[in-house]
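Chains as they are written, first to last, in the numbering used here: chain A, 1 to 344; chain B, 1 to 344.
Below, the structure is given as C-alpha cells:
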C-alpha cells in the first residue's frame with residue numbers, strides 16, 4: 001500500500017474521527033498538500049473514507065484496511081520540543097514575551113506577496129537555534145524578506161552587531177522602522193525588490209543571512225542567490241522550506257544551489273516552524289483547500305498550526321560563489337500553479 | 001575572536017573547571033577533533049588555559065577574556081530528547097530492554113576495522129525515527145556493516161519484511177547469526193567486504209539501507225555507493241556522519257554523492273548518535289587524544305559519551321543512479337591520517 005494512504009487511514013482509524021487540519025498537520029513534514037488532497041479524494045471515491053460535518057471518518061471498507069494494517073508500535077516526536085531540538089529556556093522567555101507584545105500590530109499577510117508569518121515561539125526558537133551555534137554574537141546579519149519579524153527578535157537579544165532587513169512591502173518596512181525607533185533596536189530597514197540588482201553596499205558584508213523563500217524555482221534561486229550575494233567568506237545561511245508546497249524535486253534543486261555556491265548543508269530539521277494560517281485575518285488557507293476536496297467537509301474553525309516548514313542551515317566553505325550576478329535584474333515567478341495551493 | 005576559541009573559553013569559564021571529555025562532548029557537533037586539539041594547544045601555549053589533574057581551568061588571561069565576552073543568554077538543546085527529535089516512548093521501552101540484554105555479549109570493537117558501536121538507546125532512537133517516517137513496515141532493509149547491531153533492534157519491532165546484514169567481520173557475522181537463530185529473528189547475515197562487487201542477488205532489492213561509513217573519501221563513496229547499488233526505485237538511505245573525524249569538505253562530498261545518485265537530503269540531525277567510547281574494552285580513544293595535547297591532563301575516567309554522529313536521511317527520486325559499478329572491485333582507504341585521530 002502506498003505510504004500516504006497507509007498514514008491517512010491509520011490517522012483516522014486511531015482517532016475514529018479527525019479534523020482536516022489534523023490530517024494536514026500530521027502529514028506536513030512528509031507530503032505535498034496536492035498529494036494529500038489527491039489521496040483524500042481517491043479514498044473518498046473508493047468509499048474508504050467519508051465525512052461528518054468537519055470530521056473525516058472511515059467507512060466499512062476503510063475500517064477493514066485499518067484493522068488489517070495497524071501496528072501497535074507508535075513513533076512520536078519529542079513532546080517537549082515537538083521535534084524542534086531546542087526549547088524556549090527561562091532566559092529566553094522574557095524575549096518571547098516582549099516580542100509577542102511588539103508584533104501585535106503587525107501588518108496582515110498580503111496574498112500578492114505570498115506572505116504568511118510563522119508562530120512567535122518558532123521565531124524565538126530559530127533565534128535560540130542560531131545562538132546554540134554561536135551564529136549571532138557580534139555578527140553582521142541580513143534578513144531577506146521579514147514578514148516573520150525575525151529582525152525584532154534578534155535585536156531583542158542584543159547579540160548581533162548589525163541587523164539589516166530587506167523587504168518589498170512598504171507596510172513591513174514602516175512597521176519595522178517604527179518599532180526599531182520606539183524600542184531603540186538596531187534594525188536597519190531597506191525597501192528592496194529581490195528582482196533588482198543587489199545593493200552595492202550590502203555585497204559580501206554579512207556573516208549570516210536568513211530568509212523564507214518564495215517556493216517557485218525562480219523564487220528559490222533569487223532568495224538563496226541574493227543571500228549568497230550578501231555573504232562574506234565562510235558565511236552562513238538559514239532558510240525555511242516546506243514540503244507542502246515545495247515537493248522534493250525543488251528541495252533537490254535548492255541543495256544543488258547550496259553546493260554550487262561552495263556551501264555544505266549542516267542541518268535539516270523538519271517541522272521547525274509552524275504557521276498559524278487559520279488565524280490570519282486577511283485570508284484563510286484551509287477554506288482554499290476545502291474547495292479542492294471532493295468531500296462535503298465544512299470549515300473546521302480549528303487553530304491547529306498545520307502549515308509547517310523545515311529549517312535548513314548551511315555554511316560556505318571559504319569564498320562564496322555567486323549563483324546570480326549581484327548587478328543584474330532577474331525575472332521572478334511568484335506562484336507555482338501546480339504546488340502553491342493555499343493561496344486564494 | 002574565532003568561534004571555537006570563544007566556545008572553549010566560555011565552557012571552561014561557566015564551569016570553572018571542566019574535564020576534557022566535557023569539552024569534546026560540547027563541541028562534538030561543531031568542530032573536528034583535530035581543531036579542538038589544535039585550539040587547546042594554542043590556548044595553553046598562549047597561557048589562557050592550563051590544567052589541574054584531569055581538569056582544564058582558565059588562567060588569569062583566560063578569565064579576562066571570558067568575563068569580557070560572556071553572554072547571559074544561553075541556548076540549550078531540549079533536555080528531554082537531547083536534540084534528537086524523538087524520545088523512547090513507553091511502547092519502545094521493552095524493545096530497548098530486550099535489545100540491551102541481547103547485545104551484552106557483543107564483540108569488542110576492532111581497531112583494524114575502525115569499529116565502534118553507538119549507545120543502545122540511540123540505536124532504538126534510530127529505529128523510532130525510521131518508524132516515524134513509516135520507513136519500516138513491510139519494507140526490505142539492508143544494513144551495510146553492523147557493529148551497532150541495528151539489525152537486531154529492527155527485527156525486534158517485527159515491522160520490516162526482510163532484514164539483510166552485510167559485514168566483513170566474522171565475529172559480527174557469527175554473533176548476529178547466533179542471536180537471530182536463538183531468538184527466532186528474521187535477520188539474514190552475509191559476510192561481505194565492501195571493496196568486492198556487490199552481490200547480484202541483492203542489487204535493486206531494498207527499500208532502505210543504513211550504514212555508518214568509514215570516514216575517508218573512499219570509505220564514504222563505497223558505503224553510500226553500495227547502499228545505492230542495493231536500492232529499489234524511490235529507495236531511502238540512512239547514515240551517520242561525524243564532524244569530529246569528517247570535516248565539512250567531506251560532508252560536501254557526501255552531499256554531492258547523494259544528489260548525483262538522484263537523491264534528496266530530507267533530514268540532517270546533529271548529535272543523534274552517541275558512542276560510549278570510554279567504555280570500549282578493546283581500546284581507549286580519550287587516551288589516544290591526550291597524547292596529542294600539550295597539557296599534562298590525566299585520563300578522566302569519565303563515561304561521558306563525547307563521540308557523536310549526525311544522522312542523515314535521504315530519498316531517491318525515481319530510479320537511483322549508481323555511484324559505483326555494482327560488479328567492480330574498488331580500493332578502500334581505511335584511515336584518514338589527518339582526521340582520524342581517535343584510533344591507536
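By construction, the Cβ of each residue, glycine as well, lies at the ideal position given by its N, Cα and C atoms. Remember, it's a predicted structure, so these values are computed and weren't measured experimentally.
Requested in this report: Provide the residue span of the alpha helix (DSSP H) that contains residue 132 of chain A, from first to last.
Outcome: Along the first chain, read from residue 1 onward, the residue named residue 132 of chain A stands at position 132. In this chain, the alpha helix (DSSP H) harbouring residue 132 of chain A covers 120-132.
Query raised in the report: Around the Cβ of residue 301 of chain A, are there at least 16 other Cβ atoms within 10 angstroms (buried) or fewer (exposed)?
Result: As a working note, residue 301 of chain A is residue 301 in the first chain. It is exposed - the Cβ of residue 301 of chain A has fewer than 16 other Cβ atoms within 10 Å.
Query raised in the report: Does any C-beta atom of chain A lie closer than 9 angstroms to the C-beta of residue 268 of chain B?
Result: Counting from one through the second chain, the residue named residue 268 of chain B turns up at place 268. Residue 268 of chain B belongs to the set of residues whose beta carbon lies under 9 angstroms from a beta carbon in chain A.
Query - Between the CA atoms of residue 239 of chain B and residue 88 of chain B - distance to the nearest angstrom - result: Along the second chain, read from residue 1 onward, the residue named residue 88 of chain B stands at position 88. Along the second chain, read from residue 1 onward, the residue named residue 239 of chain B stands at position 239. In a straight line, the C-alpha of residue 88 of chain B is about 20 angstroms away from that of residue 239 of chain B.
Query raised in the report: With distances taken from CA atoms, which of A:179, A:73, A:275 and A:108 is nearest residue 133 of chain B?
Result: The sequence position of residue 133 of chain B within the second chain is 133, counting from 1. Selected option, being the one with the closest Cα: A:73.
Query raised in the report: For residue 211 of chain B and chain A, any beta-carbon pair shorter than 9 angstroms?
Result: Taking the second chain and counting its residues from 1, the one referred to as residue 211 of chain B is at position 211. By this cut-off, residue 211 of chain B is not an interface position.
Query raised in the report: The beta strand (DSSP E) with residue 235 of chain B in it runs from where to where?
Result: For the purposes of this step, residue 235 of chain B is taken as the residue at position 235 of the second chain. Unbroken beta strand (DSSP E) run through residue 235 of chain B: 231-241.
Query raised in the report: Can a CB atom of chain A be found closer than 9 angstroms to the CB of residue 56 of chain B?
Result: Mapped onto the second chain, residue 56 of chain B falls at position 56. Residue contact check for residue 56 of chain B against chain A: no CB pair falls below 9 angstroms.
Query raised in the report: Are residue 167 of chain B and residue 192 of chain B closer than 9 angstroms when you measure CB to CB?
Result: For the purposes of this step, residue 167 of chain B is taken as the residue at position 167 of the second chain. For the purposes of this step, residue 192 of chain B is taken as the residue at position 192 of the second chain. Closer than 9 angstroms, so yes.
Report task. Note down, one range per segment and in chain order, each alpha helix (DSSP H) of at least 4 residues found wholly within the segment 9-70 of chain A. Result -> Runs of the alpha helix (DSSP H) inside the segment 9-70 of chain A: 20-27, 33-45 and 60-69.
Query raised in the report: Quick one, are the C-beta atoms of residue 9 of chain A and residue 66 of chain A less than 9 angstroms apart?
Result: The residue given as residue 9 of chain A occupies position 9 in the first chain. The residue given as residue 66 of chain A occupies position 66 in the first chain. Contact: yes.
Query raised in the report: Can you name the start and end residues of the beta strand (DSSP E) that residue 191 of chain B belongs to?
Result: As a position in the second chain, residue 191 of chain B is number 191, starting the count at 1. According to the DSSP assignment, residue 191 of chain B belongs to the beta strand (DSSP E) that extends over 187-191.
Report task. On the DSSP bridge assignment, give the partners of residue 275 of chain A in chain order. Result -> The residue you call residue 275 of chain A lines up with position 275 of the first chain. Paired residue(s): A:307.
Query raised in the report: Where does residue 140 of chain B sit, in a helix, a strand or coil, going by DSSP?
Result: Here residue 140 of chain B refers to the residue found at position 140 when the second chain is read from its first residue. Looking at residue 140 of chain B - three-state DSSP - the assignment turns out to be strand.
Report task. Write down the C-beta distance between residue 262 of chain B and residue 321 of chain B rounded to the nearest angstrom, noting that I regard them as a contact closer than 8 angstroms. Result -> Translated into the one-based positions of the second chain, residue 262 of chain B becomes position 262. Translated into the one-based positions of the second chain, residue 321 of chain B becomes position 321. About 5 angstroms; that satisfies the 8 angstroms criterion.
Requested in this report: Note down, in chain order, each residue of its chain lying with its Cβ closer than 6 angstroms to the Cβ of residue 198 of chain A, except the 5 sequence neighbours on either side.
Outcome: Here residue 198 of chain A is taken as the residue at index 198 of the first chain, counted from 1. So the qualifying residues of the chain are 226, 229 and 326.
Requested in this report: Could you check what DSSP says for residue 315 of chain B in three-state terms: helix, strand or coil?
Outcome: Along the second chain, one-based indexing puts residue 315 of chain B at 315. Residue 315 of chain B: strand per DSSP, three-state reduction.
Requested in this report: Taking only beta-carbon positions, decide if residue 30 of chain B is within less than 9 angstroms of chain A.
Outcome: As a position in the second chain, residue 30 of chain B is number 30, starting the count at 1. For residue 30 of chain B, the answer is yes, since a Cβ of chain A falls inside 9 angstroms of its Cβ.
Query raised in the report: For residue 64 of chain B, is the classification buried or exposed, using 16 other Cβ atoms within 10 angstroms of its Cβ as the cut-off for buried?
Result: Counting from 1 along the second chain, the entry for residue 64 of chain B is found at position 64. Residue burial is scored here from C-beta neighbours: residue 64 of chain B has fewer than 16 other C-beta atoms within 10 angstroms and is therefore classed as exposed.
Query - Minimum C-alpha distance to residue 308 of chain B - residue among B:273, B:337 and B:338 - result: Translated into positions along the second chain, residue 308 of chain B becomes position 308. When only C-alpha atoms are compared, the closest one is B:273.
Query raised in the report: With 9 angstroms set as the bound, which would you pick, yes or no: does the beta-carbon of residue 252 of chain B sit closer than that to a beta-carbon of chain A?
Result: The residue labelled residue 252 of chain B in the question sits at position 252 within the second chain. At least one CB of chain A lies nearer than 9 angstroms to the CB of residue 252 of chain B.
Query raised in the report: What does residue 269 of chain B pair with, by DSSP beta-bridge criteria?
Result: Walking along the second chain from the start, residue 269 of chain B turns up at place 269. Under DSSP, residue 269 of chain B forms a beta bridge with B:311.
Query raised in the report: Quick one: what does DSSP say residue 332 of chain A is sitting in, helix, strand or coil?
Result: The residue you call residue 332 of chain A lines up with position 332 of the first chain. Coil at residue 332 of chain A, not helix or strand.
Query raised in the report: Are there 16 or more other CB atoms within 10 angstroms of the CB of residue 25 of chain A, so buried, or fewer, so exposed?
Result: As a first step, residue 25 of chain A is located in the first chain; it is residue number 25 there, counting from the start. Its Cβ being crowded by 16 or more others within 10 Å, residue 25 of chain A is buried.
**Report entry** C-alpha gap between residue 175 of chain A and residue 119 of chain A, whole angstroms
**Finding:** On the first chain, position 175 is the one that residue 175 of chain A refers to. On the first chain, position 119 is the one that residue 119 of chain A refers to. When rounded, the distance between both Cα atoms is 18 angstroms.
**Report entry** Classification of residue 303 of chain B by the beta-carbon crowding that lies within 10 angstroms, buried from 16 upward
**Finding:** Position 303 of the second chain, counted from the first residue, corresponds to residue 303 of chain B. Classification of residue 303 of chain B: exposed, given that the 10 Å Cβ count is below 16.
Query raised in the report: Ends of the alpha helix (DSSP H) at residue 171 of chain B?
Result: The residue you call residue 171 of chain B lines up with position 171 of the second chain. Start and end: 170-182.
Query - Residues of the segment 157-189 of chain B with Cβ closer than 7 angstroms to any Cβ of chain A, in chain order - result: Listed by position, the residues of the segment 157-189 of chain B near chain A (Cβ gap below 7 angstroms) are 157 and 159.
Query raised in the report: Touching or not, the segment 138-150 of chain B and the segment 276-295 of chain B, by the rule of three or more beta carbon pairs under 8 angstroms?
Result: Touching, no, given that fewer than three Cβ pairs across the two stretches are closer than 8 angstroms.
Query raised in the report: According to the Cβ coordinates, are residue 323 of chain A and residue 221 of chain A closer than 9 angstroms?
Result: Here residue 323 of chain A corresponds to residue number 323 of the first chain, with the count starting at 1. Here residue 221 of chain A corresponds to residue number 221 of the first chain, with the count starting at 1. Contact: yes.
Query raised in the report: Three or more C-beta pairs closer than 8 angstroms, one from the segment 102-114 of chain A and one from the segment 88-102 of chain B: is that the case here?
Result: Cβ pair count under 8 angstroms is below three, so no.
Query - 9 angstroms Cβ cutoff, residue 67 of chain B in contact with chain A - result: Translated into positions along the second chain, residue 67 of chain B becomes position 67. False, the Cβ-Cβ gap to chain A never drops below 9 angstroms.
Query - 8 angstroms CB neighbourhood of residue 69 of chain B in its chain, flanking five on each side removed - result: Working through the second chain from its first residue, we reach residue 69 of chain B at position 69. The residues are 1, 6, 9 and 10.
Query raised in the report: Does the beta carbon of residue 141 of chain A sit closer than 9 angstroms to a beta carbon anywhere in chain B?
Result: Taking the first residue of the first chain as position 1, residue 141 of chain A is located at position 141. Chain B, which has no Cβ nearer than 9 angstroms to the Cβ of residue 141 of chain A, makes this no.
**Report entry** Range covered by the beta strand (DSSP E) that runs through residue 166 of chain B
**Finding:** Here residue 166 of chain B refers to the residue found at position 166 when the second chain is read from its first residue. Element bounds for residue 166 of chain B: 162-167.
Query - Nearest-angstrom beta carbon gap, residue 335 of chain A and residue 216 of chain A [assumed within contact, 8 angstroms] - result: Here residue 216 of chain A corresponds to residue number 216 of the first chain, with the count starting at 1. Here residue 335 of chain A corresponds to residue number 335 of the first chain, with the count starting at 1. The Cβ separation is near 7 angstroms, so the contact holds.
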